[in-house]
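Colleague: Structure provided below as structure tokens; questions to follow.
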Amino acid sequence: NAGVTQTPKFQVLKTGQSMTLQCAQDMNHEYMSWYRQDPGMGLRLIHYSVGAGITDQGEVPNGYNVSRSTTEDFPLRLLSAAPSQTSVYFCASRRSTSGGGLEYFGPGTRLLVL
Amino acid sequence: SQQGEEDPQALSIQEGENATMNCSYKTSINNLQWYRQNSGRGLVHLILIRSNEREKHSGRLRVTLDTSKKSSSLLITASRAADTASYFCATARSGYSTLTFGKGTMLLVSP
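Chains R and V supply the protein sequences, listed in that same order.
Per my numbering, the very first residue in the first sequence carries number 1; after that it's consecutive.
Per my numbering, the very first residue in the second sequence carries number 1001; after that it's consecutive.
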């Protein structure tokens, strides 16, 4: 199994541009999530999904959209990039939707917004 | 939002010594999890302890949970240079799907 994969690994955007961060998992996990990690802030939850067609907001959802059309894929869209969105983004998945299991993380996408 | 807080923020030890990190949280939990992050990498799960458990072991890792004090500790015995990483606790509240992560402890193990 490849586990959780993310693309791209690095991205530079100009303010106002849009882009989609891709995330896929091959473990048939129902729960998927997106986090951002900033220095000294730990991981903060952006959006999550408990199954195909179901998404919900996390702690810091503003400026981001998600969709979950399949169990495997959970893309994160930046609508109009801002310098405050410069961060490292991690996608994660787990089997349980109730918070009862360990999450598997992707390698991350480093995003710089100029 | 409810969040685990790790203590200390940074820890520097010599190889062979034990490393202890603590995590405090604010509300009732279903379980508490510990993760490791090597520099520039994604997080890797280490161990999960449920609210009805007090202690759990995995190799050189020992995790304790005190729900009355709302705190947990992670002990790494006989540390190695390869244990150098950031360690995060994450809490799962009862009835909620999501995890809430703390800000982490940076551990440096010197040869």
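Cβ atoms here follow ideal geometry from the backbone N, Cα and C, with glycine treated the same way.
Once the 5 residues before and after Gly51 (chain R) are set aside, which same chain residues still bring their CB inside 6 Å of it?
Modeller: Glu30, listed in sequence order.
Colleague: Within the same chain, show all residues whose beta-carbon is closer than 6 Å to that of Arg77 (chain R), passing over the 5 residues directly before and after it, in chain order.
Modeller: Cβ neighbours of Arg77 (chain R) beyond the five flanking positions: Thr20, Asn65.
Colleague: Can you tell me which residues form a DSSP beta bridge with Gly42 (chain R)?
Modeller: According to DSSP, Gly42 (chain R) bridges with R:Asp38.
Colleague: Examine chain R for any beta-carbon lying closer than 8 Å to the beta-carbon of Leu1061 (chain V), and answer yes or no.
Modeller: So, not an interface residue.
Colleague: In angstroms, rounded to a whole number, what distance separates the CA positions of Ser1001 (chain V) and Phe105 (chain R)?
Modeller: Because Ser1001 (chain V) carries a pLDDT of 46, less than 50, the predicted location of this residue cannot be relied on, and the following value inherits that uncertainty. Approximately 22 Å between the Cα atoms of the pair.
Colleague: Helix, strand or coil, according to DSSP, for Asp1083 (chain V) in the structure here?
Modeller: In this structure, Asp1083 (chain V) counts as helix in the three-state DSSP scheme.
Colleague: Note down, in chain order, each residue of its chain lying with its Cβ closer than 6 Å to the Cβ of Thr1064 (chain V), except the 5 sequence neighbours on either side.
Modeller: Around Thr1064 (chain V): Glu1055, Ser1073.
Colleague: What whole-angstrom Cβ distance do Arg1036 (chain V) and Tyr1087 (chain V) have, given they're in contact under 8 Å?
Modeller: At roughly 6 Å, the Cβ-Cβ gap stays under 8 Å, so Arg1036 (chain V) and Tyr1087 (chain V) are in contact.
Colleague: Under DSSP, the beta strand (DSSP E) around Tyr64 (chain R) begins and ends at which residues?
Modeller: Element bounds for Tyr64 (chain R): 64-66.
Colleague: Using CA atoms only, rank isn't needed, just tell me which of R:Met27, R:Ser87, R:Pro83 is closest to Glu72 (chain R).
Modeller: When each option's Cα is compared against that of Glu72 (chain R), the closest is R:Met27.
Colleague: Applying the criterion that 16 or more other CB atoms from any shown protein chain within 10 Å of the CB defines a buried residue, is Asp1083 (chain V) buried or exposed?
Modeller: By the neighbour-count rule (16 or more Cβ atoms within 10 Å), Asp1083 (chain V) is buried.
Colleague: Please compile the residues from chain V whose C-beta is within a distance smaller than 9 Å of the C-beta of Phe105 (chain R).
Modeller: Tyr1035, Gln1037, Arg1041, Gly1042, Leu1043, Val1044, His1045, listed in chain order.
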